[in-house]
Amino acid sequence: MACKSCSTGSCGSKSVEGEVSGCQSNGGCGTGGCNKMNVFDWLSDLDVPQFQRFHIVEIKFKGGRKEYFRNSNGLMLHTGDGVMVESSSGIHMGVVSLQGELVRLQLMKKSIKDDDNLKNIIRIASDKDLEKHNQMIARDMPTMYRGRQIIGDLKLNMKLSDVEFQSDGTKAIFYYSSEDRVDFRELIKLLATEFKVRVEMKQISSRQEAGRLGGIGVCGRELCCSTWLTDFKNVTTSAARYQNLSLNPVKLSGQCGRLKCCLNYELETYMDALKSIPTIEGRLKTKKGEAVLQKTDIFKRMMWFGIVGEEAIWIPVSCDRVKEIIDLNKKGIIPESFSDLNPDAPVVEKPTLSELNSDLERMDKKYGGKKPSSGGGKGGNRGGRDRFENRGPRPERGPRPDNRGPRPDATTQPNVNANPTAEGGLTDTTGQPKPFKKKFKKKFKPRPPREGGSSEAPSA
486 MACKSCSTGS CGSKSVEGEV SGCQSNGGCG TGGCNKMNVF DWLSDLDVPQ
536 FQRFHIVEIK FKGGRKEYFR NSNGLMLHTG DGVMVESSSG IHMGVVSLQG
586 ELVRLQLMKK SIKDDDNLKN IIRIASDKDL EKHNQMIARD MPTMYRGRQI
636 IGDLKLNMKL SDVEFQSDGT KAIFYYSSED RVDFRELIKL LATEFKVRVE
686 MKQISSRQEA GRLGGIGVCG RELCCSTWLT DFKNVTTSAA RYQNLSLNPV
736 KLSGQCGRLK CCLNYELETY MDALKSIPTI EGRLKTKKGE AVLQKTDIFK
786 RMMWFGIVGE EAIWIPVSCD RVKEIIDLNK KGIIPESFSD LNPDAPVVEK
836 PTLSELNSDL ERMDKKYGGK KPSSGGGKGG NRGGRDRFEN RGPRPERGPR
886 PDNRGPRPDA TTQPNVNANP TAEGGLTDTT GQPKPFKKKF KKKFKPRPPR
936 EGGSSEAPSA
């Protein structure tokens, strides 16, 4: 989406007629391009008369560089307009990035005084100025590649990162980075002879180099130094220690090779949270052994300790409990453990396994034997083998008596004249009761009578 189609006017503010007056480039309004290093103008909707506007305007150049110029001619300017400004060696073209009362606040923030050091805006850029400016921008890349070849031939310990031509073509600024001091007097002579311009060498840091070149960070977004970060603060390894980060230089370093600027973003929050975390100067003493701090969770206010000799087992302890243990150790009192802080409490002996199972053993002895049967057979003890354990030896049986009568023949009919007894059974001819037998009806058809036999089925 181009700036001209932006309906909010944040990238290109609205003019008096209500139309958006952006830089009309093809860069996206939300990422890089014309919106790079811009300050959100939350007063852009206020229509202030021209004579009441602040007379200093913020102008942006290539690479996000910003400078402040005085609108002494009272030009009708809008955010995104190209203007021609004075420079140290001629005329240069820039883009209006901010104006109005917000510029006054930016001057106060950056401690810039409104004096004669501020230069003037000459005029609004014409079509011829824009065409010449684009021609100078097209020379930047070939000049940088040729300059790197010359630096390699001279074997200078420096890195040429960017080249910026002035809009009138009379001056070129070469941005380089180097860790050591470089004697580039011979280099300037060769560059001036090669490109027929006035050469200015400007050394920048690795952070400024990353900001000019741009890129994508590990978070997936554009680099902070190339989008909105204007001043670089010192970042130390202590910022990573306070946040319990791994001191791995590969993970903590940005594309510039220095520590990431985002390590300072949440540092103040961590510093406030660390005020309630106790400081461990040595080891905590308990009767189970000395404990060594292994890990601290700042926001959960939990600390993990490991007993000496058993460092693999981490014990979580709250910060309040740690403070109590530290106070007891200072008084010479050694607590029983992290959970029990009273060393004079009576020691409760834990029962052994046999004592815990004594009730079960008594129940087995009492009810493990044979239970009295009710009716015998199915009503007896169903405890498995226990009913046979308390029985004595089986008595020997004598010979089978031979006074039994002859075995009844299969054709012998039962005695129908037998008298029923009081118990419900039958008595035979000898007068002894016979066991009761239940009669079952046959479901199958009776067989046909055999020859010489009766047609009636024998009764049970």
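The opening position of the sequence shown corresponds to residue 486 in my numbering, with each subsequent residue numbered one higher.
Ideal Cβ placement from N, Cα and C applies to all residues, glycine included.
Taken in chain order, the complete alpha helix (DSSP H) segments of 4 residues or longer contained in the region 558–632 are 586–594 and 612–623.
Per DSSP, serine 731 lies in no alpha helix (DSSP H) and is assigned neither H nor E. Proximity to proline 734 across Gln728, Thr722 and Leu531 peaks at Thr722, based on C-alpha coordinates. Taking every protein chain shown into account, the CB of glutamate 694 has 16 or more other CB atoms within 10 angstroms, so this residue is buried. In this structure, the straight-line span from the alpha carbon of valine 570 to that of threonine 564 is close to 15 Å.
The DSSP-derived three-state label of glutamate 694 is helix. As a beta-bridge residue in DSSP terms, glutamate 543 pairs with Tyr553 and Leu583.
When Cβ pairs closer than 8 Å are counted between the two stretches, the region 629–643 is seen not to touch the region 590–604, the count staying below three. In the structure shown, tyrosine 750 falls within a coil segment according to DSSP collapsed to helix, strand and coil. Boundaries for lysine 687: no alpha helix (DSSP H) harbours it, while the beta strand (DSSP E) harbouring it runs 683–688, taken from the DSSP string.
For the options Gly696, Thr655, Asn602 and Gly742, the alpha carbon positioned closest to that of lysine 681 is the one of Thr655. Here tyrosine 630 is exposed. Its C-beta has fewer than 16 other C-beta atoms within 10 Å. In the DSSP assignment, isoleucine 800 falls within the unbroken beta strand (DSSP E) covering 795–803. The C-beta distance from phenylalanine 823 to valine 793 rounds to 14 Å, too long to fall under 8 Å, and the pair is not in contact. Per DSSP, the unbroken alpha helix (DSSP H) holding lysine 851 starts and ends at 843–852.
Distance check between leucine 708 and each of Pro820, Gln740 and Gln584 places Gln740 closest, using alpha-carbon atoms only. Using a Cβ-Cβ distance cut-off of 8 Å, the region 806–821 and the region 763–771 are in contact, since at least three pairs of beta carbons, one from each stretch, lie closer than that value. Between the region 574–589 and the region 530–546 there are three or more inter-stretch CB-CB distances shorter than 8 Å, so the stretches are counted as touching.
Arginine 683 and leucine 676 have their C-alpha atoms spaced approximately 9 Å apart.
Note on tyrosine 660: 16 or more other CB atoms within 10 angstroms of its CB, so buried under the neighbour-count rule. The closest CA to that of serine 731, considering only Phe717, Pro627, Leu748 and Lys718, is found on Leu748. One alpha carbon belongs to lysine 545, the other to lysine 674, and they sit about 30 Å apart. Inter-residue distance for phenylalanine 525 and tryptophan 713 is about 11 Å (C-alpha atoms, whole angstroms).
Closest by C-alpha distance to tyrosine 750, out of Val807, Arg555 and Val720, is Val720. With respect to isoleucine 800, phenylalanine 784 sits apart: the two C-beta atoms are not nearer than 7 Å. Non-local C-beta neighbours of cysteine 804 in its own chain, meaning closer than 8 Å and more than five positions away in sequence, comprise Ser761, Ile762, Pro763, Arg786, Met787 and Met788, ordered along the chain. Around the beta carbon of threonine 628, 16 or more other beta carbons sit within 10 angstroms, so the residue counts as buried. Of the candidates Lys816, Asp601 and Met643, the residue whose Cα lies closest to the Cα of arginine 555 is Asp601. Checking the DSSP bridge columns, you'll see glycine 791 partnered with Val777 and Trp799. Within the same chain, and ignoring the five residues on either side of glutamine 728 in sequence, the residues whose Cβ sits closer than 6 Å to its Cβ are Tyr755. By the C-beta density criterion, isoleucine 810 is buried, having at least 16 other C-beta atoms within 10 angstroms.
When C-alpha distances from arginine 550 are compared across Met643, Leu698, Arg806 and Cys746, the shortest belongs to Leu698. Your pair aspartate 653 and isoleucine 606 does not check out as a contact, with CB atoms roughly 16 Å apart and the cut at 8 Å.
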